[in-house]
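Peer 1: Got a structure for you, questions after.
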Amino acid sequence: MDFPASYAAWHGLSPMTDFFRDSDPGRFLVAGSGSHVTDAAGRRYLDARSSMWNLTLGHSCEPVKEAMRQQLDVLPSGTVLRYEHPPAVAAGYAARLAALLPDPLRHVRFGNTGSQMTEQAAMLSRFHRRMTGQPERRYVVAVHNGYHGTGPLATALTGEPILHEWSAPVDAYVRHVTAPTLPEILALVDEIGPDQVTAVLVEPVLGSAIEPVSLPFLTSLISECRARDVHVILDEVTTGAGRTGTMTVTERLPVAPDMVVLGKGLSAGYFPLAALVVARSIFDALADPPLRLGFPNGSTTDGHPIGMAAGLAVLDVLTADGFLAGVRDTGRHLVDLLASGLADEPAAGPVVGEGMMLALGLAYDDGEPWSVREVNRFRLTCRDHGLLTSYAPGFLPLMPPLTLSRDECAELVDRLRAALGAHKVER
Ligand SMILES: Cc1ncc(COP(=O)(O)O)c(C=O)c1O
1 MDFPASYAAW
11 HGLSPMTDFF
21 RDSDPGRFLV
31 AGSGSHVTDA
41 AGRRYLDARS
51 SMWNLTLGHS
61 CEPVKEAMRQ
71 QLDVLPSGTV
81 LRYEHPPAVA
91 AGYAARLAAL
101 LPDPLRHVRF
111 GNTGSQMTEQ
121 AAMLSRFHRR
131 MTGQPERRYV
141 VAVHNGYHGT
151 GPLATALTGE
161 PILHEWSAPV
171 DAYVRHVTAP
181 TLPEILALVD
191 EIGPDQVTAV
201 LVEPVLGSAI
211 EPVSLPFLTS
221 LISECRARDV
231 HVILDEVTTG
241 AGRTGTMTVT
251 ERLPVAPDMV
261 VLGKGLSAGY
271 FPLAALVVAR
281 SIFDALADPP
291 LRLGFPNGST
301 TDGHPIGMAA
311 GLAVLDVLTA
321 DGFLAGVRDT
331 GRHLVDLLAS
341 GLADEPAAGP
351 VVGEGMMLAL
361 GLAYDDGEPW
371 SVREVNRFRL
381 TCRDHGLLTS
391 YAPGFLPLMP
401 PLTLSRDECA
411 ELVDRLRAAL
421 GAHKVER
């Protein structure tokens with residue numbers, strides 16, 4: 001197929017024909033303001049997917065922009081990768097971020113993407129074993145349909161067999177349970193052999209189903225894994241940085257996991273930024289590894305000052321009095337509005353989720369959930385009604401900016417209702 005030069009940017013996760021469906025450069029986005037974006041043809045959309053679930057403060061967050069501008073003037077580049085001169089702003093941001101998480105999560109590694117950091121979490125867990133005389137602990141247990149990004153190990157951690165097949169070979173020492181339940185996870189740990197397992201990795205809200213796992217489950221998981229000396233890594237790339245109405249889900253737990261992965265909203269989408277927050281015990285064990293090699297994992301732009309400045313300014317916004325309570329309020333308001341506004345729409349089912357991480361169930365007349373193809377078709381109908389959303393099998397994820405106003409909540413529901421009214425279901 002002959003693509004014009006305007007299609008030179010090749011993204012990975014969708015076939016090019018889908019990605020630029022309609023072959024219309026007029027769809028390229030050229031401007032953003034608050035919760036809205038405008039395409040090259042001048043059409044305006046309400047962005048109910050916050051770019052890729054990360055633009056948590058919308059396009060007009062002046063304090064974040066100003067912090068980035070100032071940093072650009074003072075120290076526009078730098079790294080934490082090597083040598084004894086990390087940017088001071090990275091040290092300051094790490095301390096501030098760690099202080100928001102429960103003890104003993106006190107050490108922060110920086111990166112650019114969630115994939116980089118989930119992969120790094122698993123590798124750090126294994127490295128810790130190698131350095132503490134347990135090299136046979138290699139297996140990571142993750143959850144079927146969990147999403148942890150892409151890369152040789154991140155793809156393996158992601159519980160989608162089709163991705164494994166298409167990306168083969170991926171890391172062989174990852175096994176998946178079919179559902180995030182304690183008996184299943186412990187049974188798999190026992191089957192592999194508890195002394196062969198280094199870590200269990202879970203998302204506090206399963207992104208593939210917008211399904212929160214319970215806090216008692218996470219608490220028991222951490223306790224049971226600790227009893228078996230297995231690390232627990234919580235992937236808060238999506239749930240963290242305020243998305244679910246608290247800074248993290250981790251802070252709501254009575255016991256801390258061994259590592260927490262953060263990304264997406266950490267910089268409110270203004271800079272590629274992700275972090276891995278690590279328990280003191282793991283750090284202490286590795287502070288002086290043999291051969292003075294250090295943990296061999298990192299990239300040139302880790303701890304980039306512009307990202308650090310953005311991250312600090314985002315924390316100022318998130319920790320301002322009442323901000324996160326406001327996110328919880330807006331989330332509840334949106335759920336209520338969706339329930340009343342879509343009550344007459346036969347395809348619309350219940351809204352699930354937490355905070356501003358929501359999903360609308362969609363079903364055929366006989367109650368069967370819509371196929372992923374149908375939801376994707378509906379996403380395009382929404383787009384044609386000025387509303388950008390993600391799609392998933394059986395439901396429409398709704399991840400608007402946390403700063404969505406009451407008027408914008410109403411706009412979202414109006415556009416969704418118009419789209420549902422216009423959509424022709426194909427089965
Ligand atoms: C829970 C979770 N982990 C990891 C990732 C990967 O992050 P990134 O796309 O920044 O590599 C994502 C991205 O959607 C995610 O939702």
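Just so you know, we're using this note's numbering here: the sequence shown kicks off at 1 and counts up by one.
Glycine included, each C-beta is placed from N, C-alpha and C at the ideal position.
Note that the coordinates shown come from a computational prediction; the quantities given were computed from them, not determined experimentally.
By DSSP's criteria, SER33 is part of a beta bridge. Which residues make up the other side?
Peer 2: Within the sequence shown, numbered from 1, the residue matching residue 33 stands at position 33. Looking at the DSSP assignment, SER33 forms a beta bridge with HIS36.
Peer 1: Just the C-alpha distance for GLY386 and LEU206, rounded to the nearest angstrom, thanks.
Peer 2: Residue 386 sits at position 386 when you count from the first residue of the sequence shown. Residue 206 sits at position 206 when you count from the first residue of the sequence shown. The straight-line gap from Cα to Cα measures roughly 28 Å.
Peer 1: Taking 7 Å as the cut-off, is the CB of SER115 close to at least one heavy atom of ligand 1?
Peer 2: In the sequence shown, counting from the first residue as 1, residue 115 sits at position 115. Yes, Cβ of SER115 sits closer than 7 Å to a heavy atom of ligand 1.
Peer 1: Rounded to whole angstroms, how far is the Cβ of PRO346 from the Cβ of ASP365, which I believe are closer than 8 Å?
Peer 2: By 1-based counting over the sequence shown, the position of residue 346 is 346. By 1-based counting over the sequence shown, the position of residue 365 is 365. At roughly 7 Å, the Cβ-Cβ gap stays under 8 Å, so PRO346 and ASP365 are in contact.
Peer 1: Comparing alpha-carbon positions, which option in TRP53, PRO4 and ALA5 lies nearest GLY269?
Peer 2: Position 269 of the sequence shown, counted from the start, is the residue given in the question as residue 269. The residue with the shortest Cα to Cα distance from GLY269 is TRP53.
Peer 1: Alpha carbon to alpha carbon, what distance is there between ASP288 and ARG49?
Peer 2: Reading the sequence shown from its first residue, position 49 is the one you call residue 49. Reading the sequence shown from its first residue, position 288 is the one you call residue 288. Per the coordinates, the alpha-carbon of ARG49 lies some 43 Å from the alpha-carbon of ASP288.
Peer 1: Looking at ligand 1, does it come within less than 7 Å of GLY353, judged from the CB to the closest heavy atom?
Peer 2: Along the sequence shown, read from residue 1 onward, the residue named residue 353 stands at position 353. Answer for GLY353: no, Cβ out of range of ligand 1.
Peer 1: In angstroms with no decimal places, state the Cα-to-Cα distance between GLY34 and HIS59.
Peer 2: Position 34 of the sequence shown, counted from the start, is the residue given in the question as residue 34. Position 59 of the sequence shown, counted from the start, is the residue given in the question as residue 59. Distance between the alpha carbons of GLY34 and HIS59: 5 Å.
Peer 1: On the criterion of 16 or more Cβ atoms from any shown chain inside 10 Å, does ARG44 qualify as buried, or is it exposed?
Peer 2: In the sequence shown, the residue the question calls residue 44 occupies position 44. It counts as exposed.
Peer 1: Cβ of GLY237 within 8 Å of Cβ of ALA274?
Peer 2: Position 237 of the sequence shown, counted from the start, is the residue given in the question as residue 237. Position 274 of the sequence shown, counted from the start, is the residue given in the question as residue 274. At residue 237 the sequence reads Val, which differs from the Gly that was named. Yes, the Cβ-Cβ distance between VAL237 and ALA274 is below 8 Å.
Peer 1: Establish whether the CB of PRO296 and some CB of chain C are separated by less than 8 Å.
Peer 2: As a matter of chain content, chain C is missing from the structure shown, which is built from one protein chain.
Peer 1: Which value, in whole angstroms, describes the spacing of the CA atoms of LEU100 and VAL108?
Peer 2: Here residue 100 refers to the residue found at position 100 of the sequence shown. Here residue 108 refers to the residue found at position 108 of the sequence shown. LEU100 and VAL108: Cα-Cα distance of roughly 12 Å.
Peer 1: Unbroken beta strand (DSSP E) runs of length 3 or more, entirely within the segment 249-329: which are they?
Peer 2: 259-262 and 274-279
Peer 1: May I have the straight-line CA-CA distance separating THR181 from GLU203, to the nearest angstrom?
Peer 2: Position 181 of the sequence shown, counted from the start, is the residue given in the question as residue 181. Position 203 of the sequence shown, counted from the start, is the residue given in the question as residue 203. Computed Cα separation, rounded: 12 Å.
Peer 1: Is ALA274 near ligand 1, judged by its Cβ being under 7 Å from some heavy atom?
Peer 2: As a position in the sequence shown, residue 274 is number 274, starting the count at 1. Yes, the beta carbon of ALA274 sits closer than 7 Å to at least one heavy atom of ligand 1.
Peer 1: Can you give me the start and stop residues for the beta strand (DSSP E) that VAL202 sits inside?
Peer 2: Within the sequence shown, numbered from 1, the residue matching residue 202 stands at position 202. Run containing VAL202: 197-202, per the beta strand (DSSP E) assignment.
Peer 1: Under the assumption that ARG137 contacts ASP195 (Cβ atoms under 8 Å), give the Cβ distance between them as a whole number of angstroms.
Peer 2: Position 137 of the sequence shown, counted from the first residue, corresponds to residue 137. Position 195 of the sequence shown, counted from the first residue, corresponds to residue 195. Indeed they touch by this definition, with Cβ atoms about 7 Å apart.
Peer 1: Tell me, which residues are paired with ALA91 by DSSP?
Peer 2: Here residue 91 is taken as the residue at index 91 of the sequence shown, counted from 1. DSSP output for ALA91 lists no bridge partner at all.
Peer 1: Indicate, with yes or no, if ligand 1 has a heavy atom lying under 7 Å from the CB of GLY149.
Peer 2: Residue mapping note: residue 149 aligns to position 149 of the sequence shown, counting from 1. Yes, the Cβ of GLY149 comes within 7 Å of a heavy atom of ligand 1.
Peer 1: Closer than 8 Å by C-beta to LEU362: which residues in its own chain qualify, once you throw out the five before and the five after it? Chain order, please.
Peer 2: For the purposes of this step, residue 362 is taken as residue 362 along the sequence shown, with counting starting at 1. Hits under 8 Å: ALA347, ALA348, GLY349, PRO369, TRP370, GLU374, VAL375, PHE378, GLY394, PHE395 and LEU396.
Peer 1: Counting pairs of Cβ atoms below 8 Å between the segment 65-80 and the segment 236-250, do you hit three or more?
Peer 2: no
Peer 1: Is it a yes or a no for the segment 248-264 touching the segment 79-89, going by three-plus beta-carbon pairs under 8 Å?
Peer 2: Inter-segment contact for the segment 248-264 and the segment 79-89 is absent: fewer than three beta-carbon pairs are separated by less than 8 Å.
Peer 1: Taking the beta carbon of GLN70 as the centre, do at least 16 other beta carbons fall within 10 Å, making it buried, or is it exposed?
Peer 2: Residue numbering aside, residue 70 sits at position 70 when the sequence shown is read from its first letter. By the neighbour-count rule (16 or more Cβ atoms within 10 Å), GLN70 is not buried but exposed.
Peer 1: Check whether the Cβ atoms of LEU157 and THR118 sit closer than 8 Å, and answer yes or no.
Peer 2: What you label residue 157 is simply residue 157 of the sequence shown in a count that begins at 1. What you label residue 118 is simply residue 118 of the sequence shown in a count that begins at 1. Yes, the Cβ-Cβ distance between LEU157 and THR118 is below 8 Å.
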